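Chemist: In our numbering, the protein residues as written are 163 to 319.
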Amino acid sequence: MLLIKLILAFTLIPLVELYLLLQLAEATSIWVTIATVISTGILGSVLAKREGAIAWQRFRESIGLGGDLSQARFPGREIQDGLMIAFAAALLLTPGLVTDTVGFTLLFPRGREFMRKHILPRLFRSFRVQVQTSRSPNPPRTRRSDTIDAAAFERKA
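#1: Here's a check: name, in chain order, each residue in its chain whose Cβ is nearer than 8 angstroms to the Cβ of Trp218, leaving out the five neighbours to either side.
#2: Note down, in chain order, each residue of its chain lying with its Cβ closer than 7 angstroms to the Cβ of Phe249, except the 5 sequence neighbours on either side.
#3: Mind checking which residues open and close the alpha helix (DSSP H) that includes Arg272?
#4: Out of Pro176, Ile175, Thr198, Leu177, state which residue places its alpha-carbon closest to the alpha-carbon of Leu186.
#5: Anyone know if the C-beta pair for Ala215 and Ala251 falls short of 8 angstroms?
#6: Taking buried to mean at least 16 other C-beta atoms within 10 Å of its own C-beta, is Ile169 buried or exposed?
#7: Does DSSP put Pro283 in a helix, a strand or coil?
#8: Name the two residues that bound the continuous alpha helix (DSSP H) containing Gly244.
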């Protein structure tokens, strides 16, 4: 089922993007469309770099590298922000209007917060995680030795 969804996503999204770009070119001109694609790419890269640097700084502060170790905590939110910014940058690499809109939305803190509160919980409800643990039938042996290695030297008086 996941494979079918991925195949649909990788075929339908580019087709929708192509259709919308052609509609924009028809409504305005090819030059406006090209300028739109180029300008969103440039603006997106500048914003992704800025937001990525901010997220990296917040990550470092949350784990105590920015100052007070007593304030260190698990950086879950910062990791989510970093992943969403990376995903936004990937979307902005894809020329298109829909992917650029989603990408720009994820670059701004309010857009990431909306994603965190409304979209991610729905996505994670549909995932199933299984964890299996097992032990090796032959656990690794640790080498213990009661031999003490020493050297003796005779002192001359």
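Cβ atoms here follow ideal geometry from the backbone N, Cα and C, with glycine treated the same way. All values reported here derive from a predicted model rather than from experimental measurement.
Modeler: Short version:
#1: Gly244
#2: Leu268
#3: 271 to 276
#4: Thr198
#5: no
#6: exposed
#7: helix
#8: 238 to 255
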